[in-house]
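In the numbering used here, the protein residues as written are 238 to 328.
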Amino acid sequence: MLRFADKIGLAFQVSDDILDITQSSEELGKTAGKDELADKATYVKMMGLAGARAEAAKLVREAKECLDELGYGERADGLKAIADYIIDRQN
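Following this line, the structure appears as structure tokens:
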């Protein structure tokens, strides 16, 4: 379960980096573009937008695989839905 949490937490961060450059401040409900203005090292800066999106998708896939390996079956459907939401969210 710890591997799931690690993967999903990282996917959330990658997704947050993506949203910071692809959404407006109004859409995000917070200041957009502040990571770039602060010259922060983000996944988008390091991997490009397409690379960051691919990385987020990979992390979510790996997180779901962790649950499958633990044999949770349908009991993990809620956690898998949360994992999908993390990279599908718009704010």
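Yeah, the Cβ is synthetic: ideal placement off N, Cα and C, and Gly gets one too.
Check, Outcome
"Which value, in whole angstroms, describes the spacing of the CA atoms of Leu304 and Ala313?", "7 Å"
"Any idea if Asp254 is buried or exposed, counting beta-carbon neighbours within 10 angstroms, 16 or more meaning buried?", "buried"
"Helix, strand or coil for Gln250 per DSSP?", "helix"
"Do Leu247 and Leu296 have their beta-carbon atoms positioned less than 8 Å apart in this structure?", "yes"
"Nearest to Lys277 by alpha carbon, out of Arg240, Ile258, Lys317 and Ala318?", "Ile258"
"Buried or exposed: where does Ala293 fall if 16 or more other Cβ atoms within 10 Å of its Cβ makes it buried?", "buried"
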